[in-house]
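Here's the structure we're looking at; comments come further down.
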Amino acid sequence: MSDNLLDKLNSRIQEDILNKKRSVEEAREATGYTSHEEYFYNKLQDKIVKALCIEDINLEFIDRKMFGADVAIKIPGLLKEKGAGVYIKEVVPVLVANLQKLASPDGDFANVEHKGIYVNILLNNKYLFENIWQVVKMGTNFGQSDLFKKRSVVVDYSSPNVAKHLHAGHIRSTIIGEVLCNIYEAVGYTVHRLNYINDWGGMGYLIEGYERWGQAKSNNDELYNIYQIYRRGEKLAGSEADFNLLTPEVADELASYYGIFSSFSEFKERFEDFKNSANSRFKNLEAGAEMEFALWSKMREWSLEEFDKFYGAMGIKHDYTVGESFYAKRAKDLVEDRLSTGEVVLFTDSLAESEINHLKGLLEVGELTEARFKQLCDEVRDDIGACFVILDNHKRLLVKKSNGATLYAVRDLAGIEHRIDTFRPARLIYETAEEQIEYFKELFEATHVLNLDHNREVTLTHLAHGFYVDTETGKKLASREGAESVGNLITESTKYFRVKYDKREGDLYHLSSEEKDANSAKLAVGSITFNDIKQDKRFAISLDRDTQKSIKNFEESGGAYIMYSLARARSIMRKAGVNPAEAIVGVEDFKDMTEDEIAISKRLGQLPNVILRSAVEDNPATLANYLLTLANDYNGYYERSKVLEDGKLPYPHRLLITSAVAQVLANGLKICHAEAPEVI
RNA sequence: GCUCCCGUGGUGAAAUGGAUAUCACACCAGGCUUCGAACCUGUUGUUGGGGGUUCGAGUCCCUCCGGGAGCACCA
């Protein structure tokens, strides 16, 4: 064991990770699994598969009003093999004949008919009603499945930077990541939620900056200031044109940071001096020097404190918070190890020469312009002396600078190695903004070149979400504006809902002020979440500069709509005051089920498969849209069919349906990270 | 310039290659003495252009047009 402070810290972190891993696994096992085979939809499919002796069938619930049937069967494989003409004329009639044997007025199927490429089945209402029963009987387990049992997945989401503020992009990553974790858990995965903090690259600048300009304010704002000063200096030192645009005031301000200067070259010198000090700070930090290490530890804490406020308000809890620093040492070793095996390559003059020859070839066949060719050649020459992982198509991933320092890419590779070896996951997922798409593609390719994924034993996935964009300009929000939104979003949104509460009248709303606040916060979190997940994650979400307008958009995203529907259903159940399972005794004839009830029954039965689809497609929007549709179905039903009349229950089955809808909405919302208040 | 992503009503979105393209918001017209009106009912209005593959295309392929992002020895 080394005396290096960082090594000591990291071995403690490693121990924590292993302990936490055990408790995550135990918690998963303790939760138990719900068999996917038990569901109405799957039993129905099984019945049809057995009757037809064909495995590859495709079932779809359809609208009885429109098609006069409830289920449409398509057999894609056979359709393709035989061709549509033969399939319709010869195959479908046989299928229909086979299934018709099962149809009877008292059985499950009322009628089977041929409609083009489909076989349509009309179900008996009593059979459909079993579906509703199943929801009520399974309760909170309804929707869960065991399809990915005994497999684990590591999800890396949120991933903020020390000394920077959380910006709008982090909100999306955090929300989408969290909901995806819930979805994976619902289909049986053991899920490891991981937050990767960028706390290493650039820390030399922050430490040196803090020593020079710090005001001991001990928070993330302070660090962000220092970071800004450094960035301004770097930008000016890099461009004489920008330097010449300096106003005297700004020049004076910079002089107070970097020292007096009277020309561009002098400023460059001052900045160079700062940079050199910063680099030696970083070397000290890496070596575990006490002063630098102590300051770095504090800085980390200041930033984490700020991030935790947001996570706390959103109710997000990662299982592991791991810094880039955790992988720093392994990253260096990884490069050295793989240099010796030849998987990491030192870019030499002769390699550069052959690369330039390749570019010449492209120039000759006209794939490159002369200017582009020159630019690429310069890049190739710059790369001499640095180390790379060589990828396909003449791409290369930089892993070690010519001055010997490693880069974030290597720490990411070390991170992948560590996660794979620690968790042995079936999947390793990164949820970030779309700007990193290319980078992750190369990173994963390098992972495979180095065989860190054990011959693709692990599926690596980068999920990219679109930016929040400014409604007016259509452009990505600047991070400063984003930071402001994060600070305000939740509190402002909570206020917005609180005002609505105060406008309410009636017995239902006699809540204490604290209860109203707590419920408003739930509505705020649920609405913000829904706004992020209701659409395909790849798309940009526009955020108005006017916070009030943004909040209005959140409400309209549908989260509040679903929560309202649920609160109303629950209210009816409270008023009825009976357990639906008891009320239903005696209801035997469901011939009178309305169109609404038939539609709702089929909709309810889809939840398990909707969750499964969300999991397989890594897309929370599928689930979110399903819940919106169900809430919509239910609200229409609510208006048309009363459950209670004068406090009595003339149609007990309506209470059962209400109860089933409430259960499905509640289960779905929970996965969507939106907890509905009892009273809205 | 090169690479990637996206074009569906006025707006934001949905739609394993399949039936009459669905939903919300907005607009307009109705509906609370009625299980909770943060709701419901109704009206208007849509697959960027052009080719192709297919029995069948919003979905797949080509091309053009439009919007966004990435192209650091930064993270």
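If you read the first sequence in the working numbering, its first letter stands for residue 118, the second for the next number, and so on.
Every residue, glycine too, gets a C-beta built ideally from N, C-alpha and C.
### Message
Does the distance between the C-beta of Asp509 and the nearest non-hydrogen atom of the ligand GDP fall short of 7 Å?
### Response
This structure simply doesn't include the ligand GDP, nor any ligand for that matter.
### Task
Check the DSSP bridge columns for Asp76 and list the partner residues they point to.
A query on residue 76 cannot be resolved here, the shown segment of the chain reaching from 118 to 797 and no further.
### Message
Tell me the residue span of the alpha helix (DSSP H) that contains Glu207.
### Response
Segment: none, Glu207 is in no alpha helix (DSSP H) and carries neither H nor E.
### Task
Determine the burial state of Gln332: buried for a count of at least 16 other Cβ atoms within 10 Å of its Cβ, exposed for fewer.
exposed
### Query
Secondary structure at Cys170, three-state DSSP: helix, strand or coil?
coil
### Query
Hey, how far is the Cα of Lys617 from the Cα of Ala793?
16 Å
### Query
Where does Glu770 fall in DSSP's three states?
Note that residue 770 corresponds to His in the displayed sequence, not to Glu. Of the three classes helix, strand and coil, the one that applies to His770 here is helix, per DSSP.
### Query
Residues bridged to Lys191 by DSSP?
Asn175
### Query
If you draw a straight line from the C-alpha of Leu782 to the C-alpha of Gly643, how long is it?
In a straight line, the C-alpha of Leu782 is about 13 Å away from that of Gly643.
### Query
Got a sec, what are the start and stop residues for the beta strand (DSSP E) Gly432 sits in?
Note, Gly432: premise wrong, no beta strand (DSSP E); not H, not E.
### Task
Kindly indicate which residue of Met408, Gly202, Asp124 and Val141 has the alpha-carbon position closest to the one of Lys267.
Val141
### Message
For Leu745, which residues in the same chain have their Cβ closer than 8 Å to its Cβ, ignoring the five residues on either side in sequence?
### Response
Residues of the same chain with a CB within less than 8 Å of the CB of Leu745, apart from the 5 flanking positions on each side, are Lys651, Gly675, Tyr678 and Ile679 in chain order.
### Query
Who does Thr539 pair with in a DSSP beta bridge?
In DSSP, Thr539 forms no bridge with anything.
### Message
Would Leu724 and Gly260 qualify as a contact pair, given that the criterion is a beta-carbon distance under 8 Å?
### Response
In contact: Leu724 and Gly260 (Cβ atoms closer than 8 Å).
### Query
Between the C-alpha atoms of His511 and Pro277, what's the straight-line distance to the nearest angstrom?
If I take the Cα positions, the gap works out to 32 Å.
### Task
May I ask you to list the residues that DSSP assigns as paired with Glu328?
Note: Glu328 sits in no beta bridge, so no partner.
#### Entry: Close-in-space but distant-in-sequence residues of the same chain around Glu795 (CB under 7 Å, 5 per side omitted)
Ala684 and Arg687
### Message
At the level of alpha carbons, what is the spacing between Ser382 and Arg349?
### Response
16 Å
### Query
Could you give the distance in angstroms between the alpha-carbon of Leu340 and the alpha-carbon of Cys504?
32 Å
### Task
Leaving aside the five residues before and after Pro697 along the sequence, list all residues of the same chain whose C-beta is less than 7 Å from its C-beta, in chain order.
Val253, Leu772, Leu773 and Ser776
### Message
Taking the straight line between their C-alpha atoms, what separation do you get for Tyr344 and Leu353?
### Response
When the Cα atoms are used, Tyr344 and Leu353 turn out to be separated by approximately 14 Å.
### Query
Assuming Ala543 contacts Thr576 under a Cβ cut-off of 8 Å, what Cβ separation, rounded to an integer in Å, is found between them?
7 Å
### Message
Whole angstroms are fine: how far does the CA of Gly429 sit from the CA of Asn752?
### Response
The alpha-carbon atoms of Asn752 and Gly429 are separated by roughly 33 Å.
### Simplified DSSP state of Ile507, which is helix, strand or coil
strand
### Query
Closest to Ala214 by CA distance: which of Arg447, Ile238 and Leu195 is it?
Ranking the options by Cα distance to Ala214, first place goes to Ile238.
### Task
Could you tell me the distance, in whole angstroms, from the CA atom of Asn726 to the CA atom of Asp570?
30 Å
### Query
The alpha helix (DSSP H) with Arg398 in it runs from where to where?
Boundaries of the alpha helix (DSSP H) around Arg398: Phe381 to Ala404.
### Query
If you count every other CB in all the chains shown that lies within 10 Å of the CB of Gln780, and 16 or more means buried, which is it?
buried
### Neighbourhood of Phe378 by C-beta, 7 Å cutoff - its chain only, sequence neighbours within 5 removed
Ala372, Phe384 and Arg387
### Query
Going along the chain, which residues of its own chain have a beta-carbon closer than 6 Å to the beta-carbon of Leu122, five neighbours each way excluded?
Gly405 and Phe410
### Task
Count the C-beta pairs between the region 239–258 and the region 156–165 that are closer than 8 Å, then say yes if the count reaches three, no if not.
yes
### Query
Are there 16 or more other CB atoms within 10 angstroms of the CB of Ser221, so buried, or fewer, so exposed?
exposed
### Beta bridge counterpart(s) of Leu580 as assigned by DSSP
Glu548
### Task
Flag this pair as yes or no: are the beta carbons of Ile668 and Tyr613 separated by less than 8 Å?
yes
### Query
From which residue to which residue does the alpha helix (DSSP H) around Thr148 run?
Leu122 to Thr148
#### Entry: Classification of Glu472 by the beta-carbon crowding that lies within 10 angstroms, buried from 16 upward
buried
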